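Accompanying notes for the structure given below.
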Amino acid sequence: MTNNFVFEPNLAAKTIRVSREFNAPIEKVWRAWTEADLLDKWVAPKPWTAVTKTMDFTVGGIWLYAMVGTEGQKHWVYAEFTAIENGRAFSTIGRFCDGEGNPIFEGPKSYHDNKFSTIEGNRSKVDTLITFEDESTIKMFVDGGFKEGTIATLNQLDELLASE
Amino acid sequence: MRRDIFQAIADPTRRAILTLLVTGAMTPNAIAGHFDSSRQAVSKHLQILTECEVVTAKQTGREIHYHFNPEKMKEIDIWLEQLRKMWIDRFDQLDDLLKDL
Numbered sequence: 501m502t503n504n505f506v507f508e509p510n511l512a513a514k515t516i517r518v519s520r521e522f523n524a525p526i527e528k529v530w531r532a533w534t535e536a537d538l539l540d541k542w543v544a545p546k547p548w549t550a551v552t553k554t555m556d557f558t559v560g561g562i563w564l565y566a567m568v569g570t571e572g573q574k575h576w577v578y579a580e581f582t583a584i585e586n587g588r589a590f591s592t593i594g595r596f597c598d599g600e601g602n603p604i605f606e607g608p609k610s611y612h613d614n615k616f617s618t619i620e621g622n623r624s625k626v627d628t629l630i631t632f633e634d635e636s637t638i639k640m641f642v643d644g645g646f647k648e649g650t651i652a653t654l655n656q657l658d659e660l661l662a663s664e
Numbered sequence: 004m005r006r007d008i009f010q011a012i013a014d015p016t017r018r019a020i021l022t023l024l025v026t027g028a029m030t031p032n033a034i035a036g037h038f039d040s041s042r043q044a045v046s047k048h049l050q051i052l053t054e055c056e057v058v059t060a061k062q063t064g065r066e067i068h069y070h071f072n073p074e075k076m077k078e079i080d081i082w083l084e085q086l087r088k089m090w091i092d093r094f095d096q097l098d099d100l101l102k103d104l
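Each protein sequence line maps, in turn, to chains F and H.
So the first sequence is residues 501 to 664, counted in the working numbering.
So the second sequence is residues 4 to 104, counted in the working numbering.
Put into structure tokens, the structure is as follows:
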């Protein structure tokens, strides 16, 4: 069965559209995107694992989790919920974190708008629009979900950002 | 001031300049000839593009030619490809989770 995955960057608009269909009813998909114990099971691409430290799924609440690497290295990911339409949509602002998971408020931000819908066959679709402020925000995403073997590229990116 | 690739392409005139330069290096005068904007305005755009490193200026004799720098664009492609893979991987994991939920 096709899952109609879409990953569509628009660099001029500083957005990335991500869309995917799931072979499950919307209620389950919503839970998987909004409950910490379920999120921890899928948001970190292997071999990374996700460990939620704080989850307050209310408007103004935050979700703070660590992507933990095989050698125990941590990348903190911070998201503040800015809008919730129960069972249908939610939005977050993402921020950089320091090594202890404290958000850096003056740093660049990203915005995620997630929309959930039912499609034929009791299946579901999630549409995410990611809006970012600059290059370093893309680095934040990649950094947050990094896999071993691509660290060299990340180091190059660090150099690049340092030289700018 | 901090410059990045998104500043380079945020402006329609700069995008048009980049499109021109993809086809070959040009002098500032030749570039300005394609636009209604003042020579000064075009020159400011070229300065920003140079600072963003998507364009490089090379002196040939008395003239300066602006060249498109594809390497800078490639870097963005590499990051985006990694990000795309990350979403594919996590969604595959989500499929597995949903089966058991």
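Quick reminder that beta carbons are idealized off the backbone N, C-alpha and C, glycines included.
Since this is a predicted model, take the numbers as computed values, not measurements.
Below-7 Å beta-carbon distance, residue i vs any chain H residue
i: lysine 514 (chain F); result: yes
i: aspartate 658 (chain F); result: Any reading at aspartate 658 (chain F) needs caution, since the residue's pLDDT is 41, under 50, leaving its predicted position unreliable; the model's value is listed next. No, its Cβ sits nowhere closer than 7 Å to a Cβ of chain H.
i: lysine 541 (chain F); result: yes
i: phenylalanine 522 (chain F); result: yes
Residue nearest to residue i in terms of C-alpha spacing, selected from the options
i: methionine 567 (chain F); options: F:Gly560, F:Phe557, F:Thr558, F:Ala550; result: F:Ala550
i: threonine 22 (chain H); options: H:Leu86, H:Phe71, H:Asp95, H:Asn32; result: H:Phe71
i: cysteine 55 (chain H); options: H:Trp82, H:Ala13, H:His37; result: H:Ala13
i: glycine 64 (chain H); options: H:Thr30, H:Gln10, H:Leu101; result: H:Thr30
i: alanine 11 (chain H); options: H:Asp80, H:Met76, H:Gln43; result: H:Met76
i: isoleucine 526 (chain F); options: F:Leu564, F:Glu620, F:Phe616, F:Glu600; result: F:Phe616
Range covered by the alpha helix (DSSP H) that runs through residue i
i: aspartate 103 (chain H); result: 73-103
i: threonine 22 (chain H); result: 15-25
i: alanine 536 (chain F); result: 536-539
First through last residue of the beta strand (DSSP E) which encompasses residue i
i: serine 40 (chain H); result: Counting along the chain, serine 40 (chain H) falls outside any beta strand (DSSP E), and DSSP gives it neither H nor E.
i: valine 559 (chain F); result: Here valine 559 (chain F) belongs to no beta strand (DSSP E), and DSSP marks it neither H nor E.
i: threonine 628 (chain F); result: 623-632
i: aspartate 598 (chain F); result: Element bounds for aspartate 598 (chain F): n/a, residue is neither H nor E.
i: isoleucine 584 (chain F); result: 574-585
Beta carbon proximity, residue i to chain F, threshold 7 Å
i: isoleucine 12 (chain H); result: yes
i: methionine 132 (chain H); result: Given a span of 4 to 104 for chain H in the structure shown, any question on residue 132 (chain H) remains unanswerable.
i: histidine 94 (chain H); result: According to the sequence displayed, residue 94 (chain H) carries phenylalanine and not histidine. Answer yes: the Cβ-Cβ gap between phenylalanine 94 (chain H) and chain F drops below 7 Å somewhere.
i: phenylalanine 71 (chain H); result: no
i: leucine 101 (chain H); result: yes
i: leucine 104 (chain H); result: yes
i: leucine 97 (chain H); result: yes
7 Å Cβ cutoff, residue i in contact with chain A
i: leucine 83 (chain H); result: As a matter of chain content, chain A is missing from the structure shown, whose protein chains are F and H.
Listed in chain order, which residues of the segment 528-552 of chain F have Cβ atoms closer than 8 Å to some Cβ of chain H? Per Cβ criterion, the list reads Lys528, Val529, Arg531, Ala532, Leu538, Lys541, Trp542, Val543, Ala544, Pro545, Lys546.
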